[in-house]
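Line by line, the protein sequences are chains A and B. My numbering numbers the first residue of the first sequence as 1 and each following residue consecutively. My numbering numbers the first residue of the second sequence as 1001 and each following residue consecutively. Where a beta carbon is used, it is the ideal one built from N, C-alpha and C, also for glycine. Below is one structure, written out as structure tokens; comments come after it.
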Amino acid sequence: SQQGEEDPQALSIQEGENATMNCSYKTSINNLQWYRQNSGRGLVHLILIRSNEREKHSGRLRVTLDTSKKSSSLLITASRAADTASYFCATHSSGSARQLTFGSGTQLTVLP
Amino acid sequence: AAGVIQSPRHLIKEKRETATLKCYPIPRHDTVYWYQQGPGQDPQFLISFYEKMQSDKGSIPDRFSAQQFSDYHSELNMSSLELGDSALYFCASSLSPDTQYFGPGTRLTVL
Chain A
1 SQQGEEDPQA LSIQEGENAT MNCSYKTSIN NLQWYRQNSG RGLVHLILIR
51 SNEREKHSGR LRVTLDTSKK SSSLLITASR AADTASYFCA THSSGSARQL
101 TFGSGTQLTV LP
Chain B
1001 AAGVIQSPRH LIKEKRETAT LKCYPIPRHD TVYWYQQGPG QDPQFLISFY
1051 EKMQSDKGSI PDRFSAQQFS DYHSELNMSS LELGDSALYF CASSLSPDTQ
1101 YFGPGTRLTV L
């Protein structure tokens, strides 16, 4: 990926545990978004956090953004087997460009 | 709620053939994006259109072209296909520069 790196690349946890995924990026951004992708399927938008926000919640998801460190984290609490998927962060850079630049993704496996 | 529609969902072509992928954005969305995702890779931006005009261009090969029509649907035309073009091709649409909603993708296999 030209923009973001995600850490870890793969994560395996037990159902009920929390999962934390991290993302780093390189340029100034307008916002950062997290997407989920089940194997070989479409990308599902999870949550968007703007550059002037530090934390955002949506259900079992909690996203933080540290623009000074150019990093973000996604926390999934009380994980379920159905959360098994790849999770990507994507940044919308400052300026007029509208495209998203994706990180390399974290493969999360939640074991029942 | 209506989602982004892509067709076909699967496509198999021979090397050097041509392929056309179609995308129907969410109604009233003004921007369409195309992304390519190779096996085990993250999605890479190809091209976007805002109000039927090309707005941004990413890593789109010269063999590929795209356009957005008066009804806002978009087509990605791919010529002289190569084995390396085998990938998932996603279309996304948005009303603002913020949240992009992705279609289910077209899986292109080049033999």
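Query raised in the report: Which of the three DSSP states, helix, strand or coil, is assigned to L1083 of chain B?
Result: helix
Query raised in the report: What is the rounded straight-line gap between the Cα of L1111 of chain B and the Cα of K1013 of chain B?
Result: 6 angstroms
Query raised in the report: Which residues of chain A have a Cβ atom closer than 8 angstroms to the Cβ of T1099 of chain B, listed in chain order?
Result: Q33, H45 and L48
Query raised in the report: Does the separation of the CB atoms of E15 of chain A and A81 of chain A fall below 7 angstroms?
Result: yes
Query raised in the report: For the candidate residues A:T91, A:T77 and A:S104, whose alpha-carbon lies nearest to that of T27 of chain A?
Result: Considering only alpha carbons, the answer is A:T91.
Report task. Take the Cβ of G1105 of chain B as the centre, count every other Cβ of all protein chains shown within 10 Å, and call the residue buried at 16 or more, exposed below. Result -> buried
Query raised in the report: Rounded to a whole number of angstroms, what is the C-alpha to C-alpha distance between Q1037 of chain B and E17 of chain A?
Result: 30 angstroms
Report task. Would you check if the distance between the CB atom of L98 of chain A and the CB atom of D1056 of chain B is smaller than 7 angstroms? Result -> Per the sequence shown, the amino acid found at residue 98 of chain A is Arg instead of Leu. It is a contact, given that the beta carbons lie within the stated cut-off.
**Report entry** Contacting positions in the segment 1017-1034 of chain B - beta carbon closer than 8 angstroms to chain A
**Finding:** T1031 and Y1033
**Report entry** Per-residue burial, P1027 of chain B [other beta carbons within 10 Å of its own, 16 or more giving buried]
**Finding:** By the 10 Å Cβ count, P1027 of chain B comes out exposed.
Report task. Identify whether S1 of chain A lies in helix, strand or coil by the three-state DSSP scheme. Result -> Because the pLDDT of S1 of chain A is 36, which lies under 50, any placement of that residue in the model is unreliable, and the question is left without a value.
Query raised in the report: For T109 of chain A versus T84 of chain A, is the C-beta spacing smaller than 7 angstroms?
Result: yes
**Report entry** Extent of the continuous beta strand (DSSP E) run through K56 of chain A
**Finding:** E55 to S58
Query raised in the report: Per the contact definition of three or more C-beta pairs closer than 8 angstroms, is the segment 1092-1102 of chain B in contact with the segment 42-51 of chain A?
Result: yes
Report task. Please report how far the alpha carbon of S93 of chain A lies from the alpha carbon of F1045 of chain B, in whole angstroms. Result -> 13 angstroms
Query raised in the report: Where does G32 of chain A land, buried or exposed, given buried means 16+ other C-beta within 10 angstroms?
Result: In the sequence as presented, Gly is not what sits at residue 32 of chain A; that position holds Leu. Looking at its Cβ environment, which holds 16 or more other Cβ atoms inside 10 Å, L32 of chain A is buried.
Query raised in the report: Bridge partners of K1013 of chain B, per DSSP?
Result: B:V1110
Query raised in the report: Touching or not, the segment 1078-1094 of chain B and the segment 1015-1023 of chain B, by the rule of three or more beta carbon pairs under 8 angstroms?
Result: yes
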